[in-house]
Ligand code: TNX
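In the numbering used here, the protein residues as written are 322 to 844.
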């Protein structure tokens with residue numbers, strides 16, 4: 322089957338290219354050097370051949386005959402349209418007027434089973450993108466987008482040409498899990514805000530977004546079998562604002578939007594602590610015995626479910642069943658952090674039962690690092706945020722580890738004394754500190770145990786997209802590189818220049834990043 326696809330694709334290219342030769346334009350293209358100056362994450366291997374490919378109104382996009390690949394082609398065309406106003410045809414039926422092509426195809430000759438691997442061959446009249454999967458092709462088109470210059474050259478012809486340097490880029494991620502987390506519980510963020518975040522994350526090859534959907538201050542996802550969760554628990558947030566929640570339809574809209582960008586959504590219901598909003602909605606769940614009140618402050622650690630009550634597990638079973646049905650991805654996060662008023666025995670008992678419920682609904686459990694004290698095995702993943710010993714203990718139990726050390730990866734920490742938003746409990750995290758660490762060695766655990774890295778953005782101090790952008794950008798861009806790029810290709814001085822060059826893109830996307838003075842931002 323693949324051979325037939327390949328043969329058809331090849332025929333199409335031959336037709337396209339031969340039509341080029343018939344009516345070849347006499348373009349005198351400059352020779353330009355392929356560099357990584359605009360690329361984040363830094364790719365694995367780059368070879369320059371010092372020519373140029375003209376992207377202009379005579380360029381078309383062709384793809385393998387496969388729905389997901391066609392959609393990658395359409396996505397690229399949409400993004401090129403948005404920045405250059407060019408209307409590139411995707412898989413045109415005729416070859417009329419086509420002189421150069423961006424051709425997106427499968428290849429099975431990649432050395433590893435790394436599905437996000439891709440290879441770009443940029444020639445003078447064809448850019449070929451070979452990928453191990455549609456996800457790999459999607460990562461590859463981000464590289465193409467980053468290679469398109471901001472300015473067109475208008476002196477080469479009587480129309481605009483964006484010249485792309487020729488050469489080859491071979492690329493694949495170091496970690497298969499590269500994630501960001503958004504806390505929509507402390508302050509609620511609209512579907513539009515989440516989509517905008519997803520869009521920019523996908524430009525930097527992030528492949529997971531973890532949504533922290535419940536906490537003491539609010540419950541943010543409609544659960545049809547327990548409607549008061551959103552009727553009562555969804556109506557509050559930090560500071561006394563009106564809160565909000567996603568209907569299941571809206572949540573699915575987010576999941577699908579992310580899926581088109583090859584980003585998986587990981588839902589988190591934080592338990593047994595961080596559950597004031599749930600217990601306020603259904604007091605039978607409460608294990609504190611104290612009077613339940615809406616909570617709009619930012620303290621942690623005062624709430625807990627009653628871990629010895631069967632109703633609590635019937636509730637969790639319903640919640641996880643509904644959530645699993647909305648979740649195409651393999652993971653569900655059950656929290657487990659800072660359950661300071663749950664006894665150790667109760668905590669272990671609770672995590673064991675909640676983990677089994679996640680597995681019963683066909684998903685894999687992720688928990689914050691405290692969960693390693695329960696009966697964990699290789700099916701479960703620990704997210705290291707506070708205690709290195711917990712990450713190590715998890716790895717010893719065969720768990721996979723996600724690295725989110727609060728001193729490096731937390732996007733909600735202030736950059737410096739001047740920062741308008743953010744907390745400082747784990748210290749200031751300027752842009753260089755956020756970048757200058759090695760996920761490979763940070764927790765002293767074997768590389769085989771590391772699933773990848775995640776940058777969490779807790780929302781106690783932020784209420785809208787601009788404030789989110791202030792804390793997340795530019796630091797999350799560095800985390801995207803830490804997840805993708807091997808250590809020998811990472812270097813702060815070199816990264817600093819590449820980051821400075823992101824300014825026009827971020828401006829175009831209306832991302833009001835923190836203009837750190839450590840970076841010589843490009844105008
Ligand atoms: C710790 S990190 C928390 C969150 C807070 C965050 C603020 C973790 C698993 N728990 O509840 O929002 O600090 O930085």
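No residue lacks a Cβ here, since even glycine has one placed at the ideal position from N, Cα and C.
Spell out the partners DSSP gives residue 364 in its beta bridges. Paired residue(s): none; residue 364 is not in a bridge.
Quick one: residues in its chain with C-beta nearer than 8 Å to the C-beta of residue 373, no 5 flanking neighbours on either side, listed in chain order? Taken in chain order, the residues that qualify are 350, 351, 352, 353, 445, 484, 485, 486 and 487.
Pull up the distance between the alpha-carbon of residue 820 and that of residue 842, whole angstroms please. Their Cα atoms are separated by approximately 8 Å.
Could you tell me which residues DSSP puts in a beta bridge with residue 652? According to DSSP, which records beta bridges pairwise, residue 652 is partnered with 685.
Output the boundary residues of the beta strand (DSSP E) element that contains residue 500. Going by DSSP, residue 500 is part of the beta strand (DSSP E) stretching over 498 to 504.
Name the two residues that bound the continuous alpha helix (DSSP H) containing residue 380. Counting along the chain, residue 380 falls outside any alpha helix (DSSP H), though it belongs to the beta strand (DSSP E) covering 380 to 384.
My guess is that residue 599 and residue 538 are in contact by the Cβ rule of under 8 Å, so how many angstroms apart are they, rounded? Contact between residue 599 and residue 538 fails: their C-beta atoms lie close to 11 Å from each other, not under 8 Å.
Rounding to the nearest angstrom, what Cα-Cα distance links residue 529 and residue 729 in this structure? Residue 729 has its alpha-carbon roughly 19 Å from the corresponding atom of residue 529.
Assuming residue 499 contacts residue 773 under a Cβ cut-off of 8 Å, what Cβ separation, rounded to an integer in Å, is found between them? Yes, they are in contact, since the Cβ atoms of residue 499 and residue 773 sit about 5 Å apart, within 8 Å.
Which residue's Cα is closest to the Cα of residue 844: 825, 834 and 830? Of the candidates 825, 834 and 830, the one whose C-alpha sits nearest the C-alpha of residue 844 is 825.
Cβ-Cβ separation, residue 566 to residue 541 (assumed contact under 8 Å), whole Å: Between the beta-carbon of residue 541 and that of residue 566 there is about 5 Å, and that keeps the pair under the 8 Å contact cut.
Indicate the three-state DSSP secondary structure (helix, strand or coil) for residue 493 in the structure shown. Judged by DSSP in its simplified three-state form, residue 493 adopts coil rather than helix or strand.
The ligand TNX and residue 652: does any heavy atom of the ligand fall closer than 7 Å to the residue's C-beta? Because no heavy atom of the ligand TNX lies under 7 Å away, the Cβ of residue 652 does not count as near it: no.
Could you tell me the distance, in whole angstroms, from the CA atom of residue 343 to the CA atom of residue 769? Here residue 343 scores only 47 on pLDDT, less than 50, and its place in the model should not be relied on; the value that follows carries that caveat. When rounded, the distance between both Cα atoms is 54 Å.
Delimiting residues of the beta strand (DSSP E) encompassing residue 715: Counting along the chain, residue 715 falls outside any beta strand (DSSP E), though it belongs to the alpha helix (DSSP H) covering 709 to 717.
Can you name, in chain order, every residue of its own chain whose Cβ lies under 6 Å from the Cβ of residue 474, other than the five neighbours on each side? Closer than 6 Å at the Cβ level, and outside the excluded window around residue 474, lie 482 and 484.
In whole angstroms, give me the CA-to-CA distance for residue 840 and residue 751. Computed Cα separation, rounded: 11 Å.
What first and last residue would you give for the beta strand (DSSP E) that runs through residue 480? Taken as a continuous stretch (DSSP letters only), residue 480 belongs to no beta strand (DSSP E), as it is neither H nor E.
Counting C-beta neighbours from all protein chains within 10 Å, is the total for residue 829 16 or more, i.e. buried, or is it exposed? By the 10 Å Cβ count, residue 829 comes out exposed.
Residue interval of the beta strand (DSSP E) (run including residue 570): Not the beta strand (DSSP E): residue 570 falls in the alpha helix (DSSP H), residues 569 to 581.
Contact between the region 565 to 579 and the region 630 to 647 is defined here as three or more beta-carbon pairs at a separation below 8 Å; is this criterion met? The region 565 to 579 and the region 630 to 647 touch, with no fewer than 3 CB-CB distances between them shorter than 8 Å.
By the three-class DSSP mapping on this structure, what secondary structure does residue 799 have? If DSSP states are grouped into helix, strand and coil, residue 799 belongs with the helices.
For the ligand TNX, I want to know if residue 731 counts as a neighbour, meaning its beta carbon is within less than 7 Å of at least one of the ligand's heavy atoms. Yes; taking the cut-off as 7 Å, the Cβ of residue 731 has a heavy atom of the ligand TNX nearer than that.
May I ask you to list the residues that DSSP assigns as paired with residue 449? Answer is 424 and 442.
Excluding five sequence neighbours on each side, which residues of the same chain lie with their C-beta closer than 6 Å to the C-beta of residue 697? Cβ within range, chain order: 718 and 720.
What's the gap between the Cα of residue 324 and the Cα of residue 429? Low per-residue confidence applies at residue 324: pLDDT is 48, beneath 50, and the placement is therefore not dependable enough to give any value.
Around the Cβ of residue 507, are there at least 16 other Cβ atoms within 10 angstroms (buried) or fewer (exposed)? In this structure residue 507 is buried. Its beta-carbon is surrounded by 16 or more other beta-carbon atoms within 10 angstroms.
Euclidean distance between Cα positions of residue 359 and residue 712: Each residue's alpha carbon lies about 35 Å from the other.
Which of helix, strand or coil DSSP assigns to residue 524: It is helical.
State buried or exposed for residue 814, treating a residue as buried only when at least 16 other CB atoms are found within 10 Å of its CB. Exposed, since its Cβ has fewer than 16 Cβ neighbours within 10 Å.
What residue range does the alpha helix (DSSP H) around residue 775 cover? Membership of residue 775 in any alpha helix (DSSP H) is not indicated; the residue belongs instead to the beta strand (DSSP E) covering 771 to 778.
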